[in-house]
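Structure, as structure tokens:
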Amino acid sequence: MGGRLIRGLFFWVRVLALLIALAWALWLSLGAIMEWPASDPVAADAVIVLGEDPGHRYSRGKELLLAGHADTLVLILPLPHVLQDATSHLPDVTIHIDRSAVSTWTEAQVMRRWMAANGVRHVLVVSDPQHMLRVSYSWWSVFRSSGLRYTLVAAPQAYWSAWRWWENEAVAINVGMELLKLVYYVGRYRFGLGE
48 MGGRLIRGLF
58 FWVRVLALLI
68 ALAWALWLSL
78 GAIMEWPASD
88 PVAADAVIVL
98 GEDPGHRYSR
108 GKELLLAGHA
118 DTLVLILPLP
128 HVLQDATSHL
138 PDVTIHIDRS
148 AVSTWTEAQV
158 MRRWMAANGV
168 RHVLVVSDPQ
178 HMLRVSYSWW
188 SVFRSSGLRY
198 TLVAAPQAYW
208 SAWRWWENEA
218 VAINVGMELL
228 KLVYYVGRYR
238 FGLGE
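Next up, the structure:
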């Protein structure tokens, strides 16, 4: 009886140690998981810079346009200095502005309609590295079976590190917020909770 109890105790200690190791590995790799959907840029019809951008997303989008990846730029909720730079420094680029999208989910919905209405088949979507997993979920959900294509491209950030994201407090808070928002999106848009 005592040997059986000890074997059972050792089993549960090993299970607990395994769960702790898995949780630690998930914690250490969370930044890389959040950034995982990002790809290298390819030729596309347009570059879409997602909203709430102080300028680094636009800078990446501008690089893509100047490198010849596309000839159309879509700015969602652009700040005045971003819009000014785009109109001043991208003379051969067609610029579209959207001020109706209010979330990552509605950005995907609005852009799907815009692409269908304008004959655009493939876009590059530029956002933050830690935003990529939620963007991927949103765009996949909205675009599936549409025949329209998108490639997610991360905009470099000065303090971002996929493997050391927790070392910068602001980045760590942002990763936590992105994780909470992703859980909310899955609950609301996949399972209809909170509507």
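Heads up: take any position in the sequence shown, counting from 1, add 47, and you land on the numbering used here. Virtual Cβ for every residue (Gly too), placed ideally from N, Cα, C. Keep in mind it's a predicted model, so treat the numbers as computed, not measured.
(1) What number of angstroms, rounded off, separates the C-alpha of G102 from the C-alpha of G194?
(2) When DSSP builds the beta bridges, which residues end up paired with R61?
(3) How far does the beta strand (DSSP E) with A201 in it reach, from first residue to last?
(4) Taking 8 angstroms as the threshold (C-beta atoms), are A90 and H128 in contact?
(5) Less than 7 angstroms separating the Cβ of W207 from some heavy atom of the ligand ADP?
(6) Here's the rule I'm using: 16 or more other beta-carbon atoms within 10 Å means buried, otherwise exposed. How should I67 be labelled?
(7) R104 to L56, Cα distance in whole Å?
(8) What's the call for Q131, buried or exposed, on a 16-neighbour Cβ count within 10 Å?
(9) Tell me, please, which residues DSSP counts as bridged to D145.
(10) CA-CA distance, P203 and A209?
(11) Do E154 and A163 count as a contact pair if the criterion is CB distance below 8 angstroms?
(12) Could you tell me the boundaries of the alpha helix (DSSP H) in which A93 lies?
(13) For A70, count neighbouring Cβ atoms within 10 angstroms of its own Cβ and tell me buried if that reaches 16, exposed if not.
(14) In angstroms with no decimal places, state the Cα-to-Cα distance between M224 and I53.
Taking the definition as stated:
(1) 31 angstroms
(2) R61 is not bridged to any residue.
(3) 196-201 is the extent of the beta strand (DSSP E) around A201.
(4) Not a contact, by the Cβ cut-off of 8 angstroms.
(5) Summarising the ligand content, the structure contains no ligands, and the ligand ADP is consequently not present.
(6) exposed
(7) 53 angstroms
(8) With fewer than 16 Cβ atoms within 10 Å of its Cβ, Q131 is classed as exposed.
(9) I123
(10) 11 angstroms
(11) no
(12) It is not in any alpha helix (DSSP H) - A93 instead sits in the beta strand (DSSP E) that spans 93-96.
(13) Classification of A70: exposed, given that the 10 Å Cβ count is below 16.
(14) 43 angstroms
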